[in-house]
Amino acid sequence: MADVRVRFAPSPTGYLHIGGVRTALFNWLYARKTGGKFVLRIEDTDQERSTPESKAIILESLRWLGLTWDEGPEVGGDHGPYVQTERLGLYRAYAEKLIASGHAYRCTCTKADLDAQREALKARDPKANFKYPGTCRDANRPASEPHVVRFKVPTEGAVTYVDKVFGEIKTPNGAQQDFVLLRTDGIPLYNFGAVVDDTTMGITLVARGRDHMVNTPPQILIYEALGAKVPEFAHLPMMLAPSGEKLSKRHGAVSVTEYREKGYTPEGVLNYLVRFGWSCGDREIFSMEELVEAFTWETCGRGDGKFDAKKFLAVNHEHMKQDRLQSAQTYADRTKPFLVARGLTLPASDEHLMAALKTVRERSRTFIEAAEGADFYFRAEPVVDEAAATKFLVPAAAERLQGFTQALANAPAWEEKALDAAVHAWLEAAGLQIKDVAQAARVALTGRSASPGLFEVLAVLGREVSLARLEAGRARAAAAPAPAQNG
RNA sequence: GGCCCCAUCGUCUAGCGGUUAGGACAUCGGCCUCUCACGCCGGUAACGCGGGUUCGAUUCCCGCUGGGGUCACCA
151 MADVRVRFAP
161 SPTGYLHIGG
171 VRTALFNWLY
181 ARKTGGKFVL
191 RIEDTDQERS
201 TPESKAIILE
211 SLRWLGLTWD
221 EGPEVGGDHG
231 PYVQTERLGL
241 YRAYAEKLIA
251 SGHAYRCTCT
261 KADLDAQREA
271 LKARDPKANF
281 KYPGTCRDAN
291 RPASEPHVVR
301 FKVPTEGAVT
311 YVDKVFGEIK
321 TPNGAQQDFV
331 LLRTDGIPLY
341 NFGAVVDDTT
351 MGITLVARGR
361 DHMVNTPPQI
371 LIYEALGAKV
381 PEFAHLPMML
391 APSGEKLSKR
401 HGAVSVTEYR
411 EKGYTPEGVL
421 NYLVRFGWSC
431 GDREIFSMEE
441 LVEAFTWETC
451 GRGDGKFDAK
461 KFLAVNHEHM
471 KQDRLQSAQT
481 YADRTKPFLV
491 ARGLTLPASD
501 EHLMAALKTV
511 RERSRTFIEA
521 AEGADFYFRA
531 EPVVDEAAAT
541 KFLVPAAAER
551 LQGFTQALAN
561 APAWEEKALD
571 AAVHAWLEAA
581 GLQIKDVAQA
591 ARVALTGRSA
601 SPGLFEVLAV
611 LGREVSLARL
621 EAGRARAAAA
631 PAPAQNG
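All residue numbers for the first sequence refer to the numbering used here, where the first residue is 151 and numbers rise by one.
So this is what it looks like as structure tokens:
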């Protein structure tokens, strides 16, 4: 299996859909696992919808995910070009070859005419199954007239292939019609373009979504007519919306771009998607290396699955938390853009940034949450949650805050353990418990009622800032109106 | 409707003839605790139905039901 060649062939008609990412991922994993090549090809033969912007977004998304390609746009390779509209001559040549060998023919029926026939039939019998009637099948139309090229599907027999995940699939030829290979303008249709490209690019295995399973029999017919080697096929079960419908924009975020913007880690995204239709016993969380190691087509499932945003978040959370999956440095680098987006000034040293992020890491499910949670470290003054301040920075807390602050100021070293010890010594002497001052101190230091542990915060914030914020909090508490007496 | 595919907790799944049907997410209790989390402990929760095959079916076969995909000069 040293010469495995697989490909991902998106059409540049929008953002990269997470369903497409999953397809790309499985191909990529197989290539990496076998030491084969992962080829990226752009199928832009739908000129109505294809855009250069979309192509750029797709390439960027794949790079962000780390699904690097060995051959394709921007990296080159020996089987290029890797964009279909740059290969038009090839399709034309192969079509001529099929006409010459009697496997295809020119058809001058117009689309308008065929559409009319289809509708007429449907009007007569809504359940009827329209197939191209074969008007031009044996008519030998001249090349001088406007025409499409159709494949001459055998009237007898069936196509049988062994799918790597679904097993043997058999489809009678009678169920197929003489499909179009080349349009009037000479641009190939999906099935033809894919086969010509896959065969000329030496693709050995085609893995794609189950929604393409219906395309496999006609494609195999083309390979055979061309006298080309038929590649292996592996279809992946569908990823459906929670409602059971096909997953689309109306079901929430479906593009990689959105998850990137929401602060997901690329590995988290990939890890969630790989568990769709693939499993490895009870294991759920994998690093990319582990995935490459564990991947096989045999352990792919066949049942469709439903997208679950909560599980997705949970899987991402694991990748956010585990140091094994993401180093502190990577975590910091990835959080930076989100910090900047909040208008915060990044600390001069990565060490300080990493120390701050370490305190919010386990409670952050995304980088957005990490940036939000660490917000108070990077402002001159914390953004104050007024409800929390009103509740905890009350006159009764002023004195305790002062004692707390004093204890800290006298600590032998501004370091978590020492601060903790100093505060507890004071607490004991004053006959208080940490909970008697914790929330007031927390609001003074962070502006909120929920934050990382007090001593962690103090240590990261530093002596000067901490003492200043505590004093400001004490002042506010002392000046606050006494809470209403009751009972 | 034709063709193709699928079927274990709400969701993702383990299971490859004999299990108290396991894990994860979600959910509900509890513990931990300076808050929020994290972590830990525990609960609720599944083999769609009917025939076979077999000493024995979640597991193998058939049918049914249910669900999905696809039927373009889109991909």
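Glycine included, each C-beta is placed from N, C-alpha and C at the ideal position.
Residue i in three-state terms, based on DSSP
i, result
"W219", "coil"
"T310", "strand"
"I192", "strand"
"L175", "helix"
"T338", "With the sequence shown as reference, residue 338 is identified as Pro, and Thr is not the correct amino acid for it. It is a strand residue."
"V115", "Residue 115 falls outside the range modelled here, since the chain spans only 151 to 637, and no answer is possible."
"S405", "strand"
"M389", "strand"
"F649", "Examination of residue 649 is not possible in this model, given that the chain is present from 151 through 637 alone."
"V346", "helix"
"V607", "helix"
"W428", "strand"
"R433", "strand"
"K412", "coil"
"P233", "In the sequence under discussion, the amino acid at residue 233 is Val, which differs from the Pro named in the question. V233 falls in the strand class under three-state DSSP."
Buried versus exposed call for residue i [16 or more other C-beta atoms within 10 Å across all chains shown]
i, result
"H467", "buried"
"S200", "buried"
"A594", "buried"
"K314", "buried"
"A524", "buried"
"D263", "exposed"
"Q326", "buried"
"C443", "The sequence given here has Glu at residue 443, not Cys. The residue in question, E443, is exposed, as its Cβ has fewer than 16 Cβ neighbours within 10 Å."
"T446", "exposed"
"A627", "buried"
"P160", "buried"
"P487", "exposed"
For residue j and residue i, the rounded distance between their alpha carbons
i, j, result
"P202", "Y165", "12 Å"
"K183", "E434", "19 Å"
"G451", "A357", "14 Å"
"E512", "G418", "15 Å"
"T235", "D335", "12 Å"
"E606", "Q479", "19 Å"
"A243", "G216", "36 Å"
"L238", "P322", "31 Å"
"T173", "N365", "16 Å"
"L496", "F329", "59 Å"
"P392", "H401", "8 Å"
"A293", "L331", "15 Å"
"L212", "V171", "8 Å"
"G637", "G413", "Per-residue confidence for G637 stands at a pLDDT of 37, beneath the threshold of 50, marking its modelled position as unreliable; the derived number appears in the next sentence. Spanning the two alpha carbons is a distance of roughly 48 Å."
"F342", "E224", "25 Å"
"I337", "D194", "10 Å"
"T540", "V424", "48 Å"
"L397", "S405", "11 Å"
"L503", "A482", "7 Å"
"P162", "R598", "45 Å"
"R268", "F280", "6 Å"
"E318", "E382", "12 Å"
N- and C-terminal bounds of the beta strand (DSSP E) containing residue i
i, result
"P322", "317 to 322"
"Y165", "First-last for Y165: undefined, no H or E at that position."
"G136", "The first residue shown for the chain is 151 and the last is 637, placing residue 136 beyond what the model contains."
"L582", "L582 -> no beta strand (DSSP E), and no H or E assigned at all."
"H255", "Contrary to the premise, residue 255 reads as Tyr rather than His in this sequence. Segment 254 to 257, the beta strand (DSSP E) holding Y255."
"L355", "355 to 359"
"F158", "155 to 158"
"F301", "298 to 301"
Where the alpha helix (DSSP H) containing residue i begins and where it ends
i, result
"R333", "From DSSP, R333 is part of no alpha helix (DSSP H); its letter is neither H nor E."
"F462", "459 to 471"
"V364", "Here V364 belongs to no alpha helix (DSSP H), and DSSP marks it neither H nor E."
"V442", "438 to 444"
"V593", "588 to 596"
| task | Assess, as a yes-or-no matter, whether the segment 206 to 214 is touched by the segment 442 to 459 under the definition of 3 or more beta carbon pairs within less than 8 Å. | result | Counting Cβ pairs under 8 Å, fewer than three are found: no touch.
| task | Determine contact between the segment 362 to 382 and the segment 338 to 351, defined as no fewer than three beta-carbon pairs at a distance below 8 Å. | result | Yes: at least three Cβ pairs fall under 8 Å.
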